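Protein chains: 2
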Amino acid sequence: MRMDELVKFAPRPTGAGEMFQLLRDGQPRTRSDLATVTGQSRSTIAARVDLLLASGYIAPAGEASSTGGRPPATFAFNPAARVVLAVDLGATHSRLAVTDLAGRVLAEHGEPIAIGEGPDPVLERVVELGHRLLAASGRPLDDLVSVGVGLPGPVEHSTGRPINPPIMPGWDDADVPGLLGRRLHVPVLVDNDVNLMALGEHATQWSTVDDLLFVKVATGIGAGIISDGALRRGAQGAAGDIGHVAVPGGPELPCRCGNTGCLEAVASGPAIAAALRTLDVSADASGDVVALVRAGDLAASRLVREAGRHIGEVLAACVSVLNPSVIVIGGHVAESGEHLIAGIREVVYRRSLPLATQHLRIVASRTGAAAGVRGASAMAAEHVLSAAAIDALIT
Amino acid sequence: MRMDELVKFAPRPTGAGEMFQLLRDGQPRTRSDLATVTGQSRSTIAARVDLLLASGYIAPAGEASSTGGRPPATFAFNPAARVVLAVDLGATHSRLAVTDLAGRVLAEHGEPIAIGEGPDPVLERVVELGHRLLAASGRPLDDLVSVGVGLPGPVEHSTGRPINPPIMPGWDDADVPGLLGRRLHVPVLVDNDVNLMALGEHATQWSTVDDLLFVKVATGIGAGIISDGALRRGAQGAAGDIGHVAVPGGPELPCRCGNTGCLEAVASGPAIAAALRTLDVSADASGDVVALVRAGDLAASRLVREAGRHIGEVLAACVSVLNPSVIVIGGHVAESGEHLIAGIREVVYRRSLPLATQHLRIVASRTGAAAGVRGASAMAAEHVLSAAAIDALIT
Numbered sequence: 320m321r322m323d324e325l326v327k328f329a330p331r332p333t334g335a336g337e338m339f340q341l342l343r344d345g346q347p348r349t350r351s352d353l354a355t356v357t358g359q360s361r362s363t364i365a366a367r368v369d370l371l372l373a374s375g376y377i378a379p380a381g382e383a384s385s386t387g388g389r390p391p392a393t394f395a396f397n398p399a400a401r402v403v404l405a406v407d408l409g410a411t412h413s414r415l416a417v418t419d420l421a422g423r424v425l426a427e428h429g430e431p432i433a434i435g436e437g438p439d440p441v442l443e444r445v446v447e448l449g450h451r452l453l454a455a456s457g458r459p460l461d462d463l464v465s466v467g468v469g470l471p472g473p474v475e476h477s478t479g480r481p482i483n484p485p486i487m488p489g490w491d492d493a494d495v496p497g498l499l500g501r502r503l504h505v506p507v508l509v510d511n512d513v514n515l516m517a518l519g520e521h522a523t524q525w526s527t528v529d530d531l532l533f534v535k536v537a538t539g540i541g542a543g544i545i546s547d548g549a550l551r552r553g554a555q556g557a558a559g560d561i562g563h564v565a566v567p568g569g570p571e572l573p574c575r576c577g578n579t580g581c582l583e584a585v586a587s588g589p590a591i592a593a594a595l596r597t598l599d600v601s602a603d604a605s606g607d608v609v610a611l612v613r614a615g616d617l618a619a620s621r622l623v624r625e626a627g628r629h630i631g632e633v634l635a636a637c638v639s640v641l642n643p644s645v646i647v648i649g650g651h652v653a654e655s656g657e658h659l660i661a662g663i664r665e666v667v668y669r670r671s672l673p674l675a676t677q678h679l680r681i682v683a684s685r686t687g688a689a690a691g692v693r694g695a696s697a698m699a700a701e702h703v704l705s706a707a708a709i710d711a712l713i714t
Numbered sequence: 320m321r322m323d324e325l326v327k328f329a330p331r332p333t334g335a336g337e338m339f340q341l342l343r344d345g346q347p348r349t350r351s352d353l354a355t356v357t358g359q360s361r362s363t364i365a366a367r368v369d370l371l372l373a374s375g376y377i378a379p380a381g382e383a384s385s386t387g388g389r390p391p392a393t394f395a396f397n398p399a400a401r402v403v404l405a406v407d408l409g410a411t412h413s414r415l416a417v418t419d420l421a422g423r424v425l426a427e428h429g430e431p432i433a434i435g436e437g438p439d440p441v442l443e444r445v446v447e448l449g450h451r452l453l454a455a456s457g458r459p460l461d462d463l464v465s466v467g468v469g470l471p472g473p474v475e476h477s478t479g480r481p482i483n484p485p486i487m488p489g490w491d492d493a494d495v496p497g498l499l500g501r502r503l504h505v506p507v508l509v510d511n512d513v514n515l516m517a518l519g520e521h522a523t524q525w526s527t528v529d530d531l532l533f534v535k536v537a538t539g540i541g542a543g544i545i546s547d548g549a550l551r552r553g554a555q556g557a558a559g560d561i562g563h564v565a566v567p568g569g570p571e572l573p574c575r576c577g578n579t580g581c582l583e584a585v586a587s588g589p590a591i592a593a594a595l596r597t598l599d600v601s602a603d604a605s606g607d608v609v610a611l612v613r614a615g616d617l618a619a620s621r622l623v624r625e626a627g628r629h630i631g632e633v634l635a636a637c638v639s640v641l642n643p644s645v646i647v648i649g650g651h652v653a654e655s656g657e658h659l660i661a662g663i664r665e666v667v668y669r670r671s672l673p674l675a676t677q678h679l680r681i682v683a684s685r686t687g688a689a690a691g692v693r694g695a696s697a698m699a700a701e702h703v704l705s706a707a708a709i710d711a712l713i714t
């Protein structure tokens, strides 16, 4: 790209967006603090503080203590300045929230959906619920700055379009950002549900951990990867798609993908339910499996633990490849309690090298069913809080 | 950390380091170009240009064309401003180079070593060769700004210390940066050889690719991961350590780690040589295997291809986890030609989902035995070219 073209597309940074990044930790600072840290002149800092105050993204935070004379004013990030709409769409259930820019929930709603009805009716309902949640939050549409959407299938993150999603008939290549953006007039970010669960768990529970793997065990099995503090999506957004990895030493069961012995074919909720049926125990879905384990059914508990071991075989490989310090196990099947994680731990700690496991924690999700909507909120907020976004806003 | 402590440790940025990042692409720019792109005042830009010119990191690059009046001067990154020492230490061979800041080799040397002699004699020799290579480059010691070192074992990157390296007796927890830094008086960065091979291949051959996996197949098997454009080391620097991942469907051969069926136990150079010996073919090491394949030995070719299939089983899992767009196969065994990659491709394309493989390329290393030293140069140069490093230098 030639210089003059580059100039045409780049917003002129005022430096305010970058200074704002320092304030995102929420700590109050004086103009003098900011001048000291950035090495910039008091007049430059004062101009930037004025721009940010006018935008509402920072707000007065009282007076600093003074060694004499008039105490200086302090400023801090004001997460209440704007709101985002967070949308988690599953195969049969949706969960939406209006949150502030720090992920604080102002209004929330969940209801059954049928994702297979296609994008038009489903997204129409999202728009309707979005307006209702804004009203319930007491915030006007003008305060909405972005929307984050999670979908239960592969998504090309750069365009926000689903790519051949197996359980979402009618959604292939649907312009989700366009369909929602035309109605809500703000940027719309889209990702798959597992990536957003990883983001949600990381942002709300493990923000000081740089390397985290989130594993969803439900109808399907998938993972979201946080590496060096950020979500890694890979070249086509397919990173973490571990459901069709072959399980070392696992049974050679046929998989819907055409291969045999895939992780989903041997350890997903439906796979456990199918194994229970061969023992004449009635179980149709992940929910039945969880209910049986919770009721103390020994066969169900044993099969969930065995599924954990198969998942552990694949996660042992993930530990060798990624060297995370935390693995979070989420999804419906994880709600059955300790049996799943016990099976996973057993194999991961036996199969991986000591250097990679000595500080490794394998834990249950703390955000549970809210992981996805928390992640959608974090993704939407991040989009408007970057240095470039703040500069574009206030220029 | 309190604000006053933060201030104590942070260099006062002049903004020159950040402006320098714009110039790292090597394109000549005028002061006016820089003012336009950054949105900063001409006087601010002029001051920063003066600081960078004085440092030598940018240099005059002729005059821009003019629409009238005196044509304005242009400036560009000057990679010849300083030099780095790149050191690749293997078990039995070393390779060292003095390069400029763009990785251009000014002087290079390789010789046999015995890494097991321990850090003192080996690093003493590195210092001696470093001085000789500087002299051969015609550059004084004062021009040296950093050293990059690759070691054949696990390294804690933050401290530069080897961690229980299996083939480096006497090196456990050795203070490599301290030992070299006290003699050469510059920062010393240390990483394992595979990470540096990944960096070297990426920096010199695939710099526009964001997601790349480099796989070394030699006495051991390991990988280096480039994700979103940067090397990912994981929580303990052990990311990419795939040698002890269980091969799905592979033979249950015992491994030196205590487990069975590890990738190294079934597909490394020594494993292929052992399999050849069971066929009464004399082969002691990776080099023998490569020589046999090159000589057209059918058993060796078949076994190398079979090793490729085992590696492909593990790489199929890596493809699902990481979704790279390029996999580069390097290391001694890869020098045997197409058989190894053919086996790898066969399994990866069969075992991975179409979304992850449709744009995936699996290729042989182009830098070959120079990958490590190129990566050591890239790591050392990056350390001194970041915005913070440039600011610290010129303040």
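Protein sequences appear in the order of chains A and B.
Just so we're aligned: the first sequence equals residues 320 to 714 in the working numbering.
Just so we're aligned: the second sequence equals residues 320 to 714 in the working numbering.
Ideal placement from N, C-alpha and C gives every residue a C-beta, glycine not left out.
All of these numbers come straight from a predicted model, not from anything done at the bench.
Inset, instruction - Rounded to whole angstroms, what's the CA-CA distance from residue 683 of chain A to residue 580 of chain B? Just pull it up for me. - result: Cα-Cα distance, rounded: 30 Å.
Inset, instruction - Could you pull out every unbroken beta strand (DSSP E) segment of at least 3 residues lying fully inside the segment 371–438 of chain B, listed in chain order? - result: If we require 3 residues or more, the beta strand (DSSP E) runs fully inside the segment 371–438 of chain B come out as 377–382, 392–396, 402–408, 412–419, 424–431.
Inset, instruction - Using only alpha-carbon positions, find the residue among A:475, A:521, A:429 that is nearest to residue 642 of chain B. - result: Nearest option by C-alpha distance: A:475.
Inset, instruction - Would you verify that the beta carbon of residue 524 of chain B is, or is not, closer than 9 Å to some beta carbon of chain A? - result: False, the Cβ-Cβ gap to chain A never drops below 9 Å.
Legend entry - Three-state secondary structure assigned by DSSP to residue 475 of chain A: Correct three-state label for residue 475 of chain A: strand.
Legend entry - Contacts that residue 670 of chain B makes with chain A (C-beta to C-beta distance below 7 Å): The contacting residues are 565, 578.
Legend entry - is_contact[residue 417 of chain A, chain B] using C-beta, thresh 9 Å: Closer than 9 Å: no.
Inset, instruction - State whether the segment 549–556 of chain A contacts the segment 666–675 of chain A, with contact taken as three or more CB pairs (one from each stretch) at a distance under 8 Å. - result: They do not touch, by the three-pair rule.
Inset, instruction - Take every Cβ of the segment 371–380 of chain A, pair it with every Cβ of the segment 335–348 of chain A, and state whether three or more of those distances are shorter than 8 Å. - result: The segment 371–380 of chain A makes contact with the segment 335–348 of chain A, as at least three CB pairs between them are under 8 Å.
Inset, instruction - Answer yes or no: does any C-beta atom of chain B fall closer than 9 Å to that of residue 322 of chain A? - result: Any reading at residue 322 of chain A must be qualified, since the residue scores a pLDDT of 40, below 50, and its modelled position is unreliable; no value is offered.
Inset, instruction - Using a Cβ-Cβ cut-off of 9 Å, state whether residue 432 of chain A counts as contacting chain B. - result: No, its Cβ sits nowhere closer than 9 Å to a Cβ of chain B.
Legend entry - Span separating the alpha-carbon of residue 427 of chain B from that of residue 417 of chain B: CA-to-CA, the gap between residue 427 of chain B and residue 417 of chain B works out to about 6 Å.
Legend entry - Beta-carbon proximity of residue 661 of chain B to residue 626 of chain B, cut-off 9 Å: Going by C-beta atoms, residue 661 of chain B is not nearer than 9 Å to residue 626 of chain B.
Inset, instruction - Can you give me the Cβ contacts of residue 685 of chain B inside the same chain, cut-off strictly under 6 Å, excluding the 5 residues immediately before and after it? - result: Answer for residue 685 of chain B: 524, listed in chain order.
Inset, instruction - Using DSSP bridges, identify the partner residues of residue 468 of chain B. - result: Per DSSP, the beta-bridge partners of residue 468 of chain B are B:406, B:509.
Legend entry - Neighbour list for residue 546 of chain B in chain A, Cβ cutoff strictly below 7 Å: Per Cβ cutoff of 7 Å: 546, 551.
Legend entry - Residue-chain proximity (residue 483 of chain B, chain A), Cβ-Cβ < 9 Å: Residue 483 of chain B counts as touching chain A.
Legend entry - Neighbourhood of residue 733 of chain B by C-beta distance below 8 Å, restricted to the same chain and skipping five residues each side: An answer regarding residue 733 of chain B cannot be provided, because it is not within the stretch 320 to 714 covered by chain B.
Inset, instruction - Using alpha carbons as the reference points, say which of A:488, A:430, A:516 lies closest to residue 467 of chain A. - result: When only C-alpha atoms are compared, the closest one is A:516.
Inset, instruction - May I ask you to list the residues that DSSP assigns as paired with residue 349 of chain B? - result: Beta-bridge partners of residue 349 of chain B (DSSP): B:393.
Inset, instruction - Can you tell me which of the three DSSP states residue 576 of chain B falls into? - result: Looking at residue 576 of chain B - three-state DSSP - the assignment turns out to be coil, as it is neither helix nor strand.
Inset, instruction - Measure from the C-beta of residue 678 of chain A to each C-beta in chain B and report whether the shortest distance is under 9 Å. - result: Look at residue 678 of chain A: its C-beta is under 9 Å from a C-beta on chain B.
Inset, instruction - Buried or exposed for residue 570 of chain A, please, with buried defined as at least 16 other CB atoms from any protein chain shown within 10 angstroms of its CB. - result: Burial call: exposed.
Inset, instruction - Could you check the C-alpha separation between residue 590 of chain A and residue 584 of chain A for me, to the nearest Å? - result: For residue 590 of chain A and residue 584 of chain A, the distance between alpha carbons rounds to 6 Å.
Inset, instruction - For the segment 477–551 of chain B, list the alpha helix (DSSP H) runs that are entirely contained and at least 4 residues long, ordered along the chain. - result: Counting only runs of 4 or more, we get 495–503, 512–524.
Inset, instruction - Run the CB neighbour count on residue 695 of chain A, radius 10 Å, all protein chains shown included, and call it buried at 16 or more, exposed below. - result: Burial call: buried.
Legend entry - Where residue 705 of chain A sits in the DSSP three-state scheme: In the structure shown, residue 705 of chain A sits in coil (DSSP, three-state: anything other than H, G, I, E or B).
Legend entry - Segment contact, 8 Å Cβ cut-off, at least three pairs: the segment 450–460 of chain A with the segment 479–496 of chain A: Here the segment 450–460 of chain A does not lie against the segment 479–496 of chain A, with fewer than 3 beta-carbon pairs under 8 Å apart.
Legend entry - Residues bridged to residue 585 of chain B (per DSSP): The partner list for residue 585 of chain B (beta bridge, DSSP) is empty, contrary to what the question assumes.
Inset, instruction - Starting from the C-beta of residue 712 of chain B, find all residues in its chain whose C-beta is less than 7 Å away, skip the five residues before and the five after it, and write them out in chain order. - result: Result list for residue 712 of chain B: 374, in chain order.
Inset, instruction - Compare the C-alpha of residue 371 of chain B against each of B:334, B:405, B:407, B:402 and name the closest. - result: Considering only alpha carbons, the answer is B:334.
Legend entry - Spatial neighbours of residue 664 of chain A in its chain, beta-carbon cut-off 6 Å, leaving aside the 5 residues before and after: Answer for residue 664 of chain A: 681, listed in chain order.
Legend entry - Straight-line Cα distance separating residue 340 of chain B from residue 705 of chain B: Counting only the Cα atoms, residue 340 of chain B lies some 7 Å from residue 705 of chain B.
Inset, instruction - Could you check what DSSP says for residue 631 of chain A in three-state terms: helix, strand or coil? - result: Residue 631 of chain A: helix per DSSP, three-state reduction.
Legend entry - Selected residue, minimal CA-CA separation from residue 364 of chain A, among A:389, A:387, A:336, A:385: Residue A:336 is the option with its Cα nearest to residue 364 of chain A.
Inset, instruction - Would you check if the distance between the CB atom of residue 518 of chain A and the CB atom of residue 507 of chain A is smaller than 9 Å? - result: For residue 518 of chain A and residue 507 of chain A, no; Cβs fall outside 9 Å.
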